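Notes to accompany the following structure.
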Amino acid sequence: MSEIRMKAEDVHVYYGDNHALKGVSMDIKNQHVTALIGPSGCGKSTFLRCLNRMNDSISIARVEGQILLDGSDIHDDSLDVTLLRQRVGMVFQKPNPFPKSIYDNVAYGPRLHGMAKNRAELDEIVEEALSAAGLWEEVYDRLDAEALGLSGGQQQRLCIARAVAVSPEVILMDEPCSALDPIATGTVERLILDLAKDYAIVIVTHNMQQAQRVAGTTAFFHLGDMAEMASTKEIFENPQDPRTKDYVAGAFG
Amino acid sequence: MSPQTSPHQSVQASRRRAARRRGELIFRMLGLLALGLAALFLVALMYSVIKKSYNGFVQSFIQLDIYLDPDIIKPADLAQFQASVGVAPDRWAADIEPDPKLAKRASRSVQRGTSYKKMLQNMFAEEFGDHFTGYETDRQRDKAIAQVAEMISLEAQFQIRDRLISGEYTLGETISLWALAAGDSDVLYKDMKRRTQKNVDSENWILLKRSVDENGLSVLMELRDTGRTRIRPYLGIPKIDLFGWTIAEQQPGFFASASSTSPERAGIAAAAQGTFLMLIVVMVLAVPIGVLAAIYLEKFAPRNQLTDFMEININNLAAVPSIIFGILGAAVIIQWLFPGSRGFPIVGGTVLAFMTLPTVIIASRAAIGAVPPSFEEAALGMGASHQQSVFQHVLPAALPGIASGVIIGLAQAAGETAPLLMVGMNAFINDVCDAGAACLMSKGVGMPSQIYQWAADDDPLFQNKTAAGIVCLLTLVIAMNGLATYIRARFERAN
């Protein structure tokens with residue numbers, strides 16, 4: 015059993031008067047993929063965004079409860095939110111590379127956090143990150159090309175490389191394959207399994223097969239509650255909660 | 013369901029469809045009609061302005077053979093003057109010692125307009141003497157000749173003077189010169205030419221009641237018949253100084269001269285300079301303030317009643333009549349803060365900056381708001397601070413939109429007249445300022461107020477200059493709007 019990297023305890027989220035997340039507790043293990051599934055509007059993305067405080071930028075959002083990263087509260091004043099996001103990286107639903115070169119996209123984070131002392135070190139970080147994202151072979155000869163000229167799947171892997179470049183501990187992925195075709199999805203899924211050897215990964219997905227393919231643990235969200243969390247095999251083959259049972263059987267959602 | 017019973021094939025249904033087609037056809041026709049009318053008005057406007065402006069860009073010239081009479085300007089005086097101003101001395105100057113007392117007299121003789129007027133009058137008396145008959149006294153005859161000599165512009169006298177001083181002409185020779193015609197004779201000659209071209213035979217020349225009298229008309233007709241008149245573009249070359257080096261020497265013409273009481277000498281240069289200086293002030297003031305305000309309001313300001321109130325008022329300010337901003341400038345800047353700054357381009361520019369601010373803020377906010385949030389989110393997700401994500405990602409992506417908004421604001425400022433009138437930037441300026449940055453704080457005039465001034469004069473040549481000024485201003489504004497469109501199209505494709 016791997017160690018626990020993040021721990022959420024009784025997390026509530028309110029958007030104004032809307033109670034979007036109603037007391038979620040969860041352990042996120044290291045070197046492990048945790049999938050969050052559930053119908054639209056169930057709070058899975060909201061919960062994901064709590065983990066690196068992306069909800070801070072929504073002025074009407076209010077988060078209650080405790081989230082621990084390696085045992086310390088991420089809402090603690092002593093923890094800088096930019097440091098938190100360096101340690102808990104994020105990959106978004108739609109590939110969103112910056113309108114810059116491939117190199118500059120990956121180098122953005124290391125530059126931002128002053129991780130490289132010189133150009134050679136930066137080159138090394140960029141190469142490592144692109145290799146980790148399985149993109150190095152495809153782009154090593156055109157690092158100065160515009161990132162927006164890559165295909166959708168390549169762009170998404172570039173975004174993963176960008177997140178990996180700042181050596182995070184946890185990577186959050188918000189439906190990372192929903193804008194990709196099946197072949198690119200397959201590549202990204204293999205990449206996720208690869209990355210899980212080093213990082214804790216939390217992935218939100220609408221695709222139940224995807225959860226089965228990549229995740230060790232799956233949590234089912236419904237109407238702001240976490241209905242059930244167990245090993246992926248358990249959730250899909252022997253769900254305990256009737257709502258989970260209906261959902262994975264295709265009765266709704 | 014059989015075809016007979018389908019509700020879509022009933023008589024009512026096909027009538028309904030026919031009515032709809034008719035309605036849509038009428039709507040399309042009305043749209044085309046509106047478009048056609050708009051195009052017609054635009055073409056009519058452009059045609060009338062451009063046609064009228066032509067005579068503002070071209071002027072009549074008269075070829076004269078003038079004897080530079082050494083009895084009118086003494087060679088010794090000229091040499092003394094040349095020595096005192098330090099120009100290349102001519103053949104007398106070698107043994108001239110600059111003497112302040114003599115120099116004063118020399119300067120009067122060389123500089124005085126009457127000297128050259130006299131030479132012109134002598135020329136007319138000599139060559140066209142037979143036009144002046146039937147006068148009882150010589151005095152009356154001289155007066156009539158002097159009147160006819162007025163058909164040559166003051167500019168020609170200055171030209172002869174400057175060439176004499178520089179040594180290009182020498183006293184005692186007879187020079188041949190295409191002299192600029194004065195306003196009235198210019199208008200008369202253009203009118204003559206037009207009627208000849210159109211084969212209209214009429215002696216009712218439009219200017220007989222003005223300064224060109226019967227004698228002038230007959231002299232001008234003889235000049236015309238002997239091929240000593242012509243119409244040529246009179247554009248000039250503005251003086252261009254760069255880092256202390258004079259690249260182009262000033263040559264008088266529409267683009268190089270300041271305004272003048274003589275319409276043929278009036279040019280747009282001083283006004284263009286004033287507008288240029290004001291646009292610099294607008295850029296320095298309105299762009300940083302406007303863009304920063306837009307960034308703050310769009311990305312940092314909390315949403316509350318105060319910011320809502322500000323937003324409503326910024327939108328309202330964009331619709332405030334520009335003359336109000338002029339009154340603000342007159343009351344606050346000129347009467348209260350800096351008395352005596354009336355008519356300075358820096359004041360005019362400040363007022364135009366006030367007026368442009370709402371436009372810049374609104375355009376910048378729209379550009380910033382149109383940046384996809386994904387850039388910002390990506391940067392935040394990487395651990396960038398809010399400010400870093402705005403300045404490193406949102407602002408660069410919004411820059412083309414901001415730039416085009418700024419240029420449109422500047423174009424609007426360049427064409428604004430009312431505020432200039434309120435802050436005294438409609439003074440009569442007959443000299444192009446060449447004091448560099450200090451020109452910001454000397455009385456100036458802008459292109460719209462210069463056009464306004466000329467338009468108020470009923471002299472036909474000033475009317476032509478008005479149209480020529482409008483063409484210049486329109487060209488400037490269209491060029492600026494074109495640049496804004498280009499920037500927007502060019503960079504929107506890149507994103």
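Order-wise, the sequence lines are chains A and B.
Heads up, the first sequence stops at 267 in my numbering, and the numbers go up one at a time, no gaps.
Heads up, the second sequence stops at 507 in my numbering, and the numbers go up one at a time, no gaps.
No residue lacks a Cβ here, since even glycine has one placed at the ideal position from N, Cα and C.
Bear in mind that the values here come from a model prediction, so they are computed numbers and not experimental data.
Go through its chain and collect everything with a Cβ distance to residue i's Cβ below 7 Å, but skip five positions before and after it.
| i | result |
| --- | --- |
| residue 370/B | 326, 329 and 330 |
| residue 194/A | 166, 167, 170 and 202 |
| residue 438/B | 432, 457, 461, 464 and 465 |
| residue 507/B | Only weak support is given to the placement of residue 507/B: the predicted model assigns it a pLDDT of 49, under 50, and the question is left unresolved by the model. |
| residue 267/B | 247, 248, 250, 279, 280 and 281 |
| residue 254/A | 242 |
| residue 19/B | 25 |
| residue 342/B | 434 and 435 |
Leaving out the 5 sequence neighbours to the left and right, which residues in its chain are closer than 6 Å to residue i when beta-carbon positions are compared?
| i | result |
| --- | --- |
| residue 425/B | 294, 364 and 368 |
| residue 105/B | Note that residue 105/B scores 48 on pLDDT, short of 50, meaning its location in the model is unreliable and no value can be drawn from it. |
| residue 416/B | 496, 499 and 500 |
| residue 48/A | 42, 216 and 231 |
| residue 319/B | 313 |
| residue 11/B | The requested residue 11/B does not occur in the structure, where chain B is confined to residues 13 to 507. |
| residue 61/B | 479 and 482 |
| residue 259/A | 253 |
| residue 474/B | 275 and 466 |
| residue 35/B | none |
| residue 13/B | Confidence in residue 13/B is poor, its pLDDT being 48 and thus under 50, which makes the residue's placement too unreliable to answer from. |
Pull up the CB-CB distance for residue i and residue j, whole angstroms please, since I reckon it's below 8 Å.
| i | j | result |
| --- | --- | --- |
| residue 112/A | residue 161/A | 7 Å |
| residue 458/B | residue 286/B | 5 Å |
| residue 386/B | residue 110/A | 4 Å |
| residue 85/B | residue 132/B | The pair is not a contact, with the Cβ atoms about 13 Å apart (cut-off 8 Å). |
| residue 83/A | residue 95/A | That belief does not hold up - the Cβ atoms of residue 83/A and residue 95/A are roughly 12 Å apart, past 8 Å. |
| residue 452/B | residue 254/B | Not a contact, Cβ separation roughly 19 Å. |
By DSSP's criteria, residue i is part of a beta bridge. Which residues make up the other side?
| i | result |
| --- | --- |
| residue 234/A | 51/A and 242/A |
| residue 28/A | 33/A and 76/A |
| residue 103/A | 185/A |
| residue 43/A | 18/A |
| residue 73/B | 192/B and 242/B |
| residue 257/B | 254/B |
| residue 82/A | 21/A and 87/A |
| residue 38/A | 25/A |
| residue 186/B | 79/B |
| residue 214/A | 46/A and 184/A |
| residue 438/B | 457/B |
| residue 263/B | 249/B |
| residue 164/B | 193/B |
| residue 160/A | 115/A |
Take residue i and list the residues in its own chain whose beta-carbon comes closer than 8 Å to its own, dropping the five residues that flank it on each side.
| i | result |
| --- | --- |
| residue 398/B | 311, 312 and 392 |
| residue 191/A | 170, 198, 199, 202, 203, 219, 221 and 224 |
| residue 169/B | 125, 128, 129 and 132 |
| residue 388/B | 401, 402, 405 and 406 |
| residue 17/A | 43 and 44 |
Query raised in the report: So does the region 37-56 of chain A actually touch the region 215-227 of chain A, counting three or more Cβ pairs closer than 8 Å?
Result: yes
Query raised in the report: Pairing CB atoms from the region 188-200 of chain B with CB atoms from the region 162-179 of chain B, are three or more of them under 8 Å?
Result: Yes, the region 188-200 of chain B touches the region 162-179 of chain B.
Query raised in the report: Which residues, taken in chain order from the region 99-116 of chain A, show a beta carbon closer than 7 Å to some beta carbon of chain B?
Result: 99, 100, 103, 104, 106, 108, 110, 112 and 113
Report task. May I ask you to list, following chain order, the residues of the region 171-203 of chain A that have a beta carbon less than 8 Å from some beta carbon of chain B? Result -> Hits within the stretch, in order: 173, 176, 177 and 180.
Requested in this report: Return the residues of the region 122-147 of chain A that lie within a Cβ-Cβ distance of less than 9 Å from chain B, sorted by chain order.
Outcome: 122, 123, 126 and 127
**Report entry** Inter-stretch contact (C-beta, 8 Å, three-pair minimum) for the region 374-386 of chain B and the region 343-357 of chain B
**Finding:** no
Requested in this report: Spell out a yes or no on whether the region 392-407 of chain B and the region 470-487 of chain B are touching, meaning 3 or more CB-CB pairs, one atom from each, closer than 8 Å.
Outcome: no
Query raised in the report: Within the chosen definition, does the region 226-246 of chain A reach the region 55-73 of chain A through at least 3 CB pairs nearer than 8 Å?
Result: The region 226-246 of chain A, when compared against the region 55-73 of chain A, does touch it at the 8 Å Cβ threshold.
Requested in this report: Count the C-beta pairs between the region 66-73 of chain A and the region 115-125 of chain A that are closer than 8 Å, then say yes if the count reaches three, no if not.
Outcome: The region 66-73 of chain A, when compared against the region 115-125 of chain A, does not touch it at the 8 Å Cβ threshold.
Report task. Inspect the CB distances between the region 119-128 of chain A and the region 174-190 of chain A and report whether three or more fall short of 8 Å. Result -> yes
Query raised in the report: Pairing CB atoms from the region 234-246 of chain B with CB atoms from the region 71-80 of chain B, are three or more of them under 8 Å?
Result: yes
Query raised in the report: Quick check: the region 45-64 of chain B against the region 147-159 of chain B, are there 3 or more CB pairs under 8 Å?
Result: Result no; under three Cβ-Cβ pairs closer than 8 Å.
Report task. Using a Cβ-Cβ cut-off of less than 8 Å, list which residues of the region 63-90 of chain A approach chain B; keep chain order. Result -> 66, 68, 71 and 73
Report task. Taking a Cβ distance cut-off of 7 Å, strictly less, list which residues of the region 386-397 of chain B are near chain A, in chain order. Result -> If the cut-off is 7 Å between Cβ atoms, the region 386-397 of chain B has 386, 387, 389, 390, 392, 393, 394, 395, 396 and 397 near chain A.
Query raised in the report: If we count Cβ pairs, one from each stretch, closer than 8 Å, do we get three or more for the region 145-162 of chain A versus the region 24-37 of chain A?
Result: Not touching, per the Cβ criterion.
Query raised in the report: If you measure beta-carbon to beta-carbon, which residues of the region 288-317 of chain B are closer than 9 Å to chain A?
Result: If you check each beta-carbon in the region 288-317 of chain B against every beta-carbon of chain A, the ones closer than 9 Å belong to 314 and 315.
Query raised in the report: If contact means a Cβ-Cβ distance below 9 Å, which residues of the region 404-427 of chain B contact chain A?
Result: If the cut-off is 9 Å between Cβ atoms, the region 404-427 of chain B has 404, 405, 408 and 409 near chain A.
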